[in-house]
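Number of protein chains: 2
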Amino acid sequence: MPRNKEANQKVKDERRDQILSAALRLFATKGLSATKITDIALKSGMSQGLIYHYYKSKEEIFTWLIGSAMAKMNEAALNLEKLPVSAKEKIIIALEGLLKGFNENADTANYYFLITQTALSDAYPEDAKEIIRTQNDVKYGVITRILKQGQMDGTVKDHDANEMATLFFSSINGLALNKAIYGQRFKMPDSNILLSMFLK
Amino acid sequence: MPRNKEANQKVKDERRDQILSAALRLFATKGLSATKITDIALKSGMSQGLIYHYYKSKEEIFTWLIGSAMAKMNEAALNLEKLPVSAKEKIIIALEGLLKGFNENADTANYYFLITQTALSDAYPEDAKEIIRTQNDVKYGVITRILKQGQMDGTVKDHDANEMATLFFSSINGLALNKAIYGQRFKMPDSNILLSMFLK
DNA sequence: GTCTATATCCAGATAGAC
DNA sequence: GTCTATCTGGATATAGAC
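Going down the list, the protein sequences come from chains A and B.
The first sequence begins at 1 in our numbering and counts up one residue at a time.
The second sequence begins at 201 in our numbering and counts up one residue at a time.
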């Protein structure tokens, strides 16, 4: 019995992951409202009914995705801040890492779009919006602090750091959306062009 | 009789405009699928039934909006290209005009978001997607040509012009989305920061 | 032209068999 | 745990009165 319990738990986790990964792509390409539970069931290879065995509702799946996306992003941002390198280096690493992520893993761009949609739209679950509202400024804070540090050591341009951070994420977001739209056909621009906004 | 005909036509046009302007805001904040015809009716102050007197379906309203948005943008782009000023000046005018537009007219940002959504999502009308597919490269073409001209006269940086154009619109799009999300609370960054990506 | 009432359909969620 | 069948609500679109 205790043995089976573990095995069962593993199956359960796998199922939940299947659902999440199918849902992520569907939500990103169709939006929450236009994604039907049957779509998710079809794509994850199970019946509609079974979905409800693992999640209470479509909204719950959605909110779960947003929560884990924000958690991953914030973790990455905080790890970046702790790296034992200069501010300038951190900015280069961040930017190149993000662009590379978009190229190598389609889900990365999808997560970005999901977050944008959710923040913008009234039609998304309130608790998902709440997660974004409370957690979005973590990564903004990290980049702003790094930029300010770079200004102190003279490697970063002397524009307003908050405005630069806004442009940092606006541009990244814009690129993510382009990537999500055009997929393989989208050629990521050279990171040096973007860097020239921030670095002296 | 011929007199009334004109008056009637005017009322009809006004009604159609009311519907379009209500629909634009709703589509931009909720997405196509989550926007109900009753929402549009409520916001434009008429009954559901009447909407169908002016438009065949929700999708038709949507496609109409996309068409007019693309037409306006392309017209603006082509006018920009014809201005009797230097390439550098054109880039400055374009960027500052866009940022100003986002600040002064909320609909501008909404149009951008609508277009992004439509390009990305399978759940949007095929003819709307087609409009974007065929017309989106007009403005890309304009900016790319201006950038190349600026490279020839030595005022624009020597990165790949296509990549710079991509970054131009990605950044603009990202800012438009931020504006659409945060409205008044969003402070547009100084255009000089963005310009530093392109100008020497 | 405009409204109210309604037919029709479709999707979310549940129930119950295996 | 998984499926099929079904309940139920809500949204699109239409019909018909004024």
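Each residue gets a CB set at the ideal place from its N, CA and C atoms; glycine is no exception.
On a predicted model such as this, the values are computed, not experimentally measured, just so you know.
Quick check on the DSSP output: the alpha helix (DSSP H) that includes residue i runs from which residue to which?
| i | result |
| --- | --- |
| B/M273 | K258 to K282 |
| B/I334 | The residue asked about is misnamed: residue 334 of chain B is Thr in this sequence, not Ile. Where B/T334 is concerned, the enclosing alpha helix (DSSP H) stretches over E326 to M352. |
| B/S371 | A361 to Y382 |
| A/M197 | S191 to F198 |
| A/Y112 | A106 to L120 |
| A/D39 | I37 to K43 |
| B/L250 | Q248 to Y254 |
Report all residues from its chain with a CB closer than 7 Å to the CB of residue i; omit the five preceding and five following residues, and keep chain order.
| i | result |
| --- | --- |
| B/D307 | L224 |
| B/A222 | I240, K243 and S244 |
| A/I37 | Q48, I51 and K58 |
| A/K72 | none |
| B/S233 | A323 |
| B/P202 | Note that B/P202 has pLDDT 49, beneath the 50 cutoff, so the model's placement of it is unreliable and the number below is only indicative. Excluding residues within five positions, none has a Cβ falling inside 7 Å. |
| B/D327 | T263 |
| A/D80 | Contrary to the premise, residue 80 of chain A reads as Leu rather than Asp in this sequence. So the list reads K90, I93, A94 and V142, once near-sequence residues are dropped. |
| B/K339 | M273, N274 and A277 |
| B/F386 | N378 and K379 |
| A/I146 | E81, A87, K90 and I91 |
Which term fits residue i, buried or exposed, when burial requires 16 or more other beta carbons within 10 angstroms of its beta carbon?
| i | result |
| --- | --- |
| A/K90 | buried |
| B/M397 | buried |
| A/M70 | buried |
| B/K205 | exposed |
| B/P389 | buried |
| B/A207 | exposed |
| B/T366 | buried |
| A/N120 | Correcting the residue identity first, residue 120 of chain A is Leu in this sequence and not Asn. Answer is buried; the Cβ neighbour count reaches 16. |
| A/K30 | buried |
| A/T134 | exposed |
| B/L394 | buried |
Ignore the nearest five residues each way along the sequence and tell me which others in residue i's own chain have a CB closer than 6 Å to its CB.
| i | result |
| --- | --- |
| B/I372 | L298 |
| A/Y55 | I61 |
| B/A361 | T344, L347 and K348 |
| B/T235 | L226 and F227 |
| B/S370 | none |
Spatial neighbours of residue i within its chain, please: C-beta separation below 8 Å, excluding the five flanking residues on both sides.
| i | result |
| --- | --- |
| B/I266 | L314, I315, T318, A328, I331 and I332 |
| A/Q184 | none |
| B/T355 | S286, A287, K288, L399 and K400 |
| B/K357 | Q351, M364, M397, F398, L399 and K400 |
| A/G101 | T108 |
| A/N103 | K179 and M188 |
Between the region 296-312 of chain B and the region 376-394 of chain B, do three or more beta carbon pairs fall short of 8 Å? yes
Residues from the region 251-275 of chain B in contact with chain A, defined by Cβ distance under 7 Å: none
Mind checking the region 144-163 of chain A against chain B and listing, in chain order, the residues whose C-beta falls within less than 9 Å of any C-beta there? K157, H159, D160, N162 and E163
Return the residues of the region 222-245 of chain B that lie within a Cβ-Cβ distance of less than 7 Å from chain A, sorted by chain order. T229, K230, G231, S233 and A234
Taking only beta carbons into account, state which residues of the region 315-348 of chain B come closer than 8 Å to chain A, listed in chain order. T316, Q317, A319, L320, S321, D322 and A323
Could you name the residues of the region 367-383 of chain B whose beta carbon sits closer than 7 Å to any beta carbon of chain A, in the order they occur along the chain? L367, S370, S371, N373, G374, L375, L377, N378, A380 and I381
What are the residues of the region 101-114 of chain A that lie near chain B, defined by any Cβ-Cβ distance shorter than 8 Å? F113
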